[in-house]
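These notes concern the structure reproduced below.
Numbering (the working numbering), first residue to last: 458 to 615.
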């Protein structure tokens, strides 16, 4: 018995060449607690997959912006861990289903989300500020001033 699945046969033992059949053998996300497999909401609609965060560095600070439409600031947590890790997390509730409703499309994300970023050494983790406006979370992490090394000119004799 082969240890590696054949790319030239499907699970039923047929020899039909299906170049995409090998992709359903291994699901790297199957063990993550997104949504149940029998749910009408697919894993791609999980909030943890769809939480988009931008990180830019300015001369004064590191600025993180997260799109969190529909969430209130009370539903979002911003934390700094001891080892200089910024964590942004929260939960978007699933809309209650009515037995009489028929869903045609579910594209809005729901569920828990958590994103972590290791901050550089120049980050002032004790001065982090966060604000939320129009569904956009902005986290500002000030940077320490980079001190230019003092240069002392040495006169050359000889």
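Positions of the beta carbon are idealized from the N, C-alpha and C atoms, including for glycine.
Once the 5 residues before and after residue 437 are set aside, which same chain residues still bring their CB inside 6 angstroms of it?
Here the chain has residues from 458 to 615 only, and residue 437 is not among them.
For residue 546, collect the residues of the same chain with a Cβ closer than 6 angstroms to its Cβ; drop the 5 residues on either side in sequence, then sort them by chain order.
Take residue 546, set aside five residues on each side of it, and the residues of its chain with a beta-carbon closer than 6 angstroms to its own are 534, 571, in chain order.
Determine the burial state of residue 585: buried for a count of at least 16 other Cβ atoms within 10 Å of its Cβ, exposed for fewer.
buried
Using DSSP with H/G/I as helix, E/B as strand and the rest coil, what is residue 590?
If DSSP states are grouped into helix, strand and coil, residue 590 belongs with the strands.
Using a Cβ-Cβ cutoff of less than 8 angstroms, which residues in the same chain neighbour residue 480 once the five nearest sequence positions on both sides are dropped?
In this predicted model, residue 480 has a pLDDT of only 48, less than 50, meaning its place in the structure is not dependable enough to derive any value.
Classify residue 515: buried if its beta carbon has 16 or more other beta carbons within 10 angstroms, exposed otherwise.
exposed
With contact counted as at least three CB pairs below 8 angstroms, one residue from each stretch, are the stretch 551-561 and the stretch 509-525 in contact?
no
Since I believe residue 577 is in contact with residue 517 (beta carbons under 8 angstroms), could you give me their beta-carbon distance rounded to a whole number of angstroms?
So it is not a contact: roughly 14 angstroms between Cβ atoms.
Distance check for residue 513 and residue 601, CA to CA, integer angstroms please.
16 angstroms
Would you mind reading off the limits of the beta strand (DSSP E) that contains residue 524?
518-524
Is it buried or exposed for residue 536, if we count other Cβ within 10 angstroms and need 16 for buried?
exposed
If the criterion is Cβ atoms closer than 8 angstroms, does the pair residue 548 and residue 532 meet it?
Yes, the pair counts as a contact, with Cβ atoms nearer than the cut-off.
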